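Numbering (this note's numbering), first residue to last: 22 to 299.
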């Protein structure tokens with residue numbers, strides 16, 4: 022059950038309208054690493070959690086996913102306020118003429134025409150939010166690593182947006198979101214470490230029998246580019262992080278199978294004749 026509290030989690034009020042910045046702010050709302058993505062990702066990971074012994078992780082996911090819904094509302098409110106006083110008539114005309122629209126400096130005409138001076142579930146170039154941005158695999162270790170990446174990218178984008186404005190109200194809201202992303206990165210790192218210890222492994226899935234993989238190449242770095250600078254990295258020598266193998270480096274990898282030769286397709290498929298007679 023969800024219960025909406027009308028007050029915002031944190032203030033979302035700019036010093037002044039800025040329709041152009043409103044377009045930029047759409048990225049952390051409806052972009053690949055925006056708040057809609059992490060909200061849906063965490064909620065579905067939590068709802069799909071089947072292990073009763075992992076109830077604390079389910080609770081953590083639902084706590085965080087619900088908080089991200091609050092962040093969606095904050096950003097949507099900020100975008101609406103940044104659109105206050107937008108030149109509606111000029112934008113309607115601009116939408117008819119791309120040259121005029123470009124000259125006006127980049128305000129999104131859809132903020133007037135489609136959403137009536139409100140936010141939309143899209144990114145900063147108007148691409149609709151896509152559920153394929155989300156990951157909910159049922160494997161918490163894999164999912165938490167995806168969550169860490171999402172929070173890393175999200176915080177990076179929020180920091181870049183912070184650098185793009187001198188509006189103290191916008192910066193204040195972004196500073197809150199940046200701090201929360203700091204927490205969320207740390208919580209996923211802590212959860213990952215705990216799961217790795219609990220499952221006794223780092224490589225996902227930890228439950229797959231290792232005798233069924235070809236262990237001779239399970240810790241091999243193949244050099245598939247000119248030069249061998251990659252051989253200098255920690256990933257090319259010594260004990261691997263999972264402590265179950267030793268890295269090795271192959272400077273000149275060789276093919277282990279012959280060139281494939283496929284039989285001709287049946288005539289009904291109408292591939293190129295084999296051999297080609299013309």
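Virtual Cβ for every residue (Gly too), placed ideally from N, Cα, C. Model, not experiment: these values are computed from the prediction.
Using a Cβ distance threshold of 8 angstroms, residue 171 and residue 62 count as a contacting pair. DSSP, reduced to helix, strand and coil, places residue 148 outside both helices and strands of the structure shown, so it counts as coil.
Nearest to residue 133 by C-alpha distance, out of 160, 200 and 43, is 43. Annotation for residue 191: the continuous alpha helix (DSSP H) segment containing it runs 189-220.
CA-to-CA, the gap between residue 59 and residue 276 works out to about 42 angstroms. Around the beta-carbon of residue 25, fewer than 16 other beta-carbon atoms lie within 10 Å, marking it exposed.
Taking 3 residues as the minimum length, the segment 53-118 contains no beta strand (DSSP E) run wholly inside it.
For residue 257, the closest of 93, 270 and 296 by C-alpha to C-alpha distance is 270. Ranked by how close their Cα comes to the Cα of residue 55, the residues 97, 33, 69 and 82 have 97 in first place. Only buried fits residue 93, as 16 or more other CB atoms lie within 10 angstroms of its CB. A residue is called buried once 16 or more other Cβ atoms fall within 10 Å of its Cβ, and residue 89 is buried on that count.
Per DSSP, residue 244 lies in no beta strand (DSSP E) segment and is marked neither H nor E.
In the three-state reduction of the DSSP assignment, residue 154 falls in the helix class. For residue 269, DSSP records a beta bridge to 241. Residue pairing from DSSP places residue 143 in a beta bridge opposite 149.
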